[in-house]
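Trainee: Top line first, the protein sequences correspond to chains A and B.
Take the first sequence: its position 156, counting from 1, is numbered 156 in the UniProt record's numbering, and each next residue is one higher.
Take the second sequence: its position 154, counting from 1, is numbered 154 in the UniProt record's numbering, and each next residue is one higher.
In this text, a Cβ means the ideal position worked out from N, Cα and C, and glycines have one as well.
On a predicted model such as this, the values are computed, not experimentally measured, just so you know.
There are 2 protein chains.
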Amino acid sequence: MGRTGDSRERIVRASARLLLSRSYGSVSVDDVCAAADVRKGSFYHFFPSKADLAKAVVDLHTDALLDRLAAAAGTSAAARLHGVADAVGAIQTRFESRFGRVVGCPFGNLAAELSTVDDTLRDHVASAFARWEREFAVICHRAHQDGALRDGVDPDRLAHSLLAHTQGRILLAKVGGHSAADVATGLHELIDVHLREGAV
Amino acid sequence: MGRTGDSRERIVRASARLLLSRSYGSVSVDDVCAAADVRKGSFYHFFPSKADLAKAVVDLHTDALLDRLAAAAGTSAAARLHGVADAVGAIQTRFESRFGRVVGCPFGNLAAELSTVDDTLRDHVASAFARWEREFAVICHRAHQDGALRDGVDPDRLAHSLLAHTQGRILLAKVGGHSAADVATGLHELIDVHLREGAV
DNA sequence: TCATCCGTTGACCGACCGGTCAACTACCGC
DNA sequence: GCGGTAGTTGACCGGTCGGTCAACGGATGA
Chain A
1 MGRTGDSRER
11 IVRASARLLL
21 SRSYGSVSVD
31 DVCAAADVRK
41 GSFYHFFPSK
51 ADLAKAVVDL
61 HTDALLDRLA
71 AAAGTSAAAR
81 LHGVADAVGA
91 IQTRFESRFG
101 RVVGCPFGNL
111 AAELSTVDDT
121 LRDHVASAFA
131 RWEREFAVIC
141 HRAHQDGALR
151 DGVDPDRLAH
161 SLLAHTQGRI
171 LLAKVGGHSA
181 ADVATGLHEL
191 IDVHLREGAV
Chain B
1 MGRTGDSRER
11 IVRASARLLL
21 SRSYGSVSVD
31 DVCAAADVRK
41 GSFYHFFPSK
51 ADLAKAVVDL
61 HTDALLDRLA
71 AAAGTSAAAR
81 LHGVADAVGA
91 IQTRFESRFG
101 RVVGCPFGNL
111 AAELSTVDDT
121 LRDHVASAFA
131 RWEREFAVIC
141 HRAHQDGALR
151 DGVDPDRLAH
161 SLLAHTQGRI
171 LLAKVGGHSA
181 ADVATGLHEL
191 IDVHLREGAV
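1. Taking only runs that begin and end inside the stretch 30–109 of chain B, name each unbroken beta strand (DSSP E) of 3 or more residues, in chain order.
2. Answer yes or no: do A:Ala126 and B:Val183 have a C-beta to C-beta separation smaller than 7 angstroms?
3. Cβ atoms of A:Cys140 and A:Ala159: under 7 angstroms apart, would you say?
4. If you draw a straight line from the C-alpha of A:Ser23 to the C-alpha of A:Thr116, how long is it?
5. Tell me the rounded alpha-carbon separation between A:Ala112 and B:Gly104.
6. Kindly say whether B:Gln167, judged by its beta-carbon, lies nearer than 7 angstroms to any beta-carbon of chain A.
7. With a cut-off of 7 angstroms, does the C-beta of B:Thr116 fall near any C-beta of chain A?
8. Report the rounded CA-to-CA distance for A:Arg134 versus A:Ala56, giving the unit in angstroms.
9. Using a Cβ-Cβ cutoff of less than 7 angstroms, which residues in the same chain neighbour B:Ile191 once the five nearest sequence positions on both sides are dropped?
10. Assuming A:Ile170 and A:Val102 make a contact with CB atoms under 8 angstroms, what is their CB distance in whole Å?
11. Along chain A, which residues have their Cβ under 7 angstroms away from the Cβ of B:Val175?
12. Would a C-beta distance cut-off of 7 angstroms place B:His194 and B:Val138 closer than the cut-off?
13. With a Cβ-Cβ cutoff of 7 angstroms, do B:Ser21 and B:Phe99 count as a contact?
14. If we cut at 7 angstroms on Cβ distances, does A:Arg22 have a partner in chain B?
15. Skipping 5 residues on each side, what residues in its chain have a beta carbon closer than 6 angstroms to that of A:Thr75?
16. Can you grab the Cα-Cα spacing for the pair A:Gly2 / A:Glu9, in whole Å?
17. So, is B:His124 buried or exposed, given that buried needs 16 or more other C-beta atoms within 10 angstroms?
18. Just how far apart, CA to CA, sit A:Pro48 and A:Thr93?
19. Express the C-alpha separation of B:Arg39 and A:Ala180 in angstroms, rounding to a whole number.
20. Helix, strand or coil for A:Gly25? Go by DSSP, reduced to three states.
21. Quick one: is B:Gln145 buried, meaning 16 or more other Cβ sit within 10 Å of its Cβ, or exposed?
22. B:Arg142 and B:Ala77 - do their beta-carbons sit closer together than 7 angstroms?
23. Quick one, which of B:Ala130, B:Leu121, B:Ala87, B:Thr120 has its alpha-carbon nearest B:Ala71's?
24. Leaving aside the five residues before and after A:Ala173 along the sequence, list all residues of the same chain whose C-beta is less than 8 angstroms from its C-beta, in chain order.
25. Can you have a look at B:Leu187 and say buried or exposed, based on whether 16 or more other CB atoms are within 10 angstroms of its CB?
26. Compile a chain-ordered list of the residues in the UniProt domain "HTH tetR-type" (5–65) of chain B whose CB is closer than 9 angstroms to at least one CB of chain A.
27. Below 8 angstroms on the Cβ atoms is my contact criterion, and I expect A:Ser161 with B:Glu189 to pass it. Report the Cβ-Cβ distance as a whole number of Å.
28. According to the neighbour-count rule (16 or more other Cβ atoms, all chains shown, within 10 Å of its Cβ), is A:Thr120 buried or exposed?
29. Thinking C-beta only, is A:Ala36 closer than 7 angstroms to A:Ile11?
30. Under a CB-based cut-off of 7 angstroms, is B:Leu162 close to chain A?
31. Which residue wins for smallest C-alpha separation from A:Ser19, given the options A:Leu66, A:Ala148, A:Pro106?
Take a look at the structure:
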């Protein structure tokens, strides 16, 4: 082994950073190798193609997100719902301070750019979204059982709606140059309008 | 003039089609020229760069969208609100039948891929979104004046929320392989929860 | 001690990228 | 008829792209 054997991890982390600050198409394998201080041959030792690297990056973000969502506390179901909005806001705020601006959602960025280009990658991102939505759905169902949801609000559909809203808000903040805090505020509003009057 | 002098238009229309079916990064200037049956020199006679072509495509879609939104009829303000959801659904359904799948929003796709890469392009797309949101806002304000909106719902914030939701739903449909009809349904639901009970 | 194997290196490749250019052509106003 | 000009053509360019490969090195286990 050359140095410490953490080359693969350095590659994934470096490309996660580069993909957020730019885009899949504008980040070359050479860029990634330079940022990770790894030679190209090593890169292709770990990843059969650039697309596979992107999948690894998706997995990295998926693990991080699911951890964060699980850690999001909250006593009542309604508070838990607001907790996920806070979690999303916290992640975006962290990206914002790291890159100096809202740079989008790691999943959403790849989904928008590559869904129509690489079908296996599309499928991979879709799975990540599905897991994310399932986490939301669990919380929505709990809120439903607690009677915190407005009449006629279906928990599964609310979960999907929440995810869509998250993606849309982040995208608009990215293109419009808004702040990550606005994203969180918008999500809180969306949640409130779905909660029964008088719920926390 | 070589043929009929409609080269520029052919270029824009061909690249509008290619950008929707693929992505900015995966569509080359050569691809566009081939699809438009135009030689590369002609392309660069009309557009100083590939990015400028993308701006022209944005303008094309902006005009089409604003026309469509203006044509969306509706007697009551609430019906008008649902009318914009139908308009979005109709556009997406048309794309779906043209390309065999949901291919995303022309603005959203470019916003996600290029906001962090090309600042002038980002600004151009942001302007298009701003005009779109303003159209939504006009209708939301009308609904507000008519007392159709739930208490505490701010019309401007609702317009932004509606736009975000539109983008998010389209993105999720694109990556998840859902239908354009689902997008419209989701938008109708979002509108309904913001309307006062008993409003049409 | 030695073979094995994972990781590493750097040179290399053909294709394709966005973009340029000088020459040519057909129209239009004069 | 003639000059100017908008449009067109095809050859051309340097750079970069994703990806390949043979050779090498150092730890590990027998």
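Mentor: The short version:
1. Qualifying beta strand (DSSP E) stretches: none in this window.
2. As a first step, residue 126 of chain A must be located in the first sequence, where it is residue number 126. As a first step, residue 183 of chain B must be located in the second sequence, where it is residue number 183. Contact: no.
3. Residue 159 of chain A sits at position 159 when you count from the first residue of the first sequence. Residue 140 of chain A sits at position 140 when you count from the first residue of the first sequence. It is a contact, given that the beta carbons lie within the stated cut-off.
4. Here residue 23 of chain A is taken as the residue at index 23 of the first sequence, counted from 1. Here residue 116 of chain A is taken as the residue at index 116 of the first sequence, counted from 1. Their Cα atoms are separated by approximately 15 angstroms.
5. By 1-based counting over the first sequence, the position of residue 112 of chain A is 112. By 1-based counting over the second sequence, the position of residue 104 of chain B is 104. Each residue's alpha carbon lies about 7 angstroms from the other.
6. Here residue 167 of chain B corresponds to residue number 167 of the second sequence, with the count starting at 1. At least one chain A Cβ lies under 7 angstroms of B:Gln167.
7. Sequence index remark: in the second sequence, residue 116 of chain B carries index 116 (1-based). Interface residue, yes.
8. Translated into the one-based positions of the first sequence, residue 134 of chain A becomes position 134. Translated into the one-based positions of the first sequence, residue 56 of chain A becomes position 56. Cα-Cα distance, rounded: 21 angstroms.
9. One-based indexing of the second sequence puts residue 191 of chain B at position 191. Once the five neighbours on either side are set aside, the close Cβ partners of B:Ile191 are Leu81, His82, Ala85.
10. Numbered from its first residue, the first sequence carries residue 170 of chain A at position 170. Numbered from its first residue, the first sequence carries residue 102 of chain A at position 102. Sure, about 7 angstroms apart at Cβ, within 8 angstroms.
11. Residue 175 of chain B sits at position 175 when you count from the first residue of the second sequence. In chain order: Ala111, Ser115, Arg122, Val125, Ala126, Phe129.
12. Stepping through the second sequence from its first residue, residue 194 of chain B is reached at position 194. Stepping through the second sequence from its first residue, residue 138 of chain B is reached at position 138. Contact flag unset, no.
13. Locating residue 21 of chain B in the second sequence gives position 21, counting from the first residue. Locating residue 99 of chain B in the second sequence gives position 99, counting from the first residue. In this structure, B:Phe99 lies closer than 7 angstroms to B:Ser21 by Cβ.
14. Translated into positions along the first sequence, residue 22 of chain A becomes position 22. Closer than 7 angstroms: yes.
15. Taking the first sequence and counting its residues from 1, the one referred to as residue 75 of chain A is at position 75. If we look at A:Thr75 and ignore the five residues flanking it on each side, it has no Cβ neighbours.
16. Looking up residue 2 of chain A in the first sequence gives position 2. Looking up residue 9 of chain A in the first sequence gives position 9. Unreliable positioning characterises A:Gly2 in this predicted model, as indicated by a pLDDT of 45, which lies under 50. A coordinate reading is not provided.
17. Sequence index remark: in the second sequence, residue 124 of chain B carries index 124 (1-based). Buried is the call here.
18. Locating residue 48 of chain A in the first sequence gives position 48, counting from the first residue. Locating residue 93 of chain A in the first sequence gives position 93, counting from the first residue. Straight-line spacing of the CA atoms in A:Pro48 and A:Thr93 works out to 33 angstroms.
19. Sequence index remark: in the first sequence, residue 180 of chain A carries index 180 (1-based). Sequence index remark: in the second sequence, residue 39 of chain B carries index 39 (1-based). If you take the alpha carbons of A:Ala180 and B:Arg39, they lie about 44 angstroms apart.
20. Start at 1 with the first residue of the first sequence, and residue 25 of chain A comes out as number 25. Three-state result, A:Gly25: coil.
21. Here residue 145 of chain B refers to the residue found at position 145 when the second sequence is read from its first residue. By the Cβ neighbour-count rule, B:Gln145 is exposed, with fewer than 16 other Cβ atoms within 10 Å of its own.
22. By one-based count along the second sequence, residue 77 of chain B stands at place 77. By one-based count along the second sequence, residue 142 of chain B stands at place 142. Yes; because the gap between Cβ atoms is below 7 angstroms, this pair is in contact.
23. On the second sequence, position 71 is the one that residue 71 of chain B refers to. For B:Ala71, the nearest C-alpha among the options comes from B:Ala87.
24. By 1-based counting over the first sequence, the position of residue 173 of chain A is 173. So the list reads Gln92, Val102, Ser179, Ala180, Asp182, Val183, once near-sequence residues are dropped.
25. As a first step, residue 187 of chain B must be located in the second sequence, where it is residue number 187. Label assigned to B:Leu187: buried.
26. Leu20, Ser21, Arg22, Ser23, Tyr24, Gly25, Ser26
27. Taking the first sequence and counting its residues from 1, the one referred to as residue 161 of chain A is at position 161. Taking the second sequence and counting its residues from 1, the one referred to as residue 189 of chain B is at position 189. Contact flag correct, Cβ pair sits at about 7 angstroms.
28. By 1-based counting over the first sequence, the position of residue 120 of chain A is 120. Exposed: under 16 other Cβ atoms inside 10 Å.
29. As a working mapping, residue 11 of chain A is identified with position 11 in the first sequence. As a working mapping, residue 36 of chain A is identified with position 36 in the first sequence. Yes. Within cutoff.
30. In the second sequence, counting from the first residue as 1, residue 162 of chain B sits at position 162. No, no contact with chain A.
31. What you label residue 19 of chain A is simply residue 19 of the first sequence in a count that begins at 1. The question names Ser, but residue 19 of chain A is Leu in the sequence shown. That would be A:Pro106, whose Cα lies nearest to the Cα of A:Leu19.
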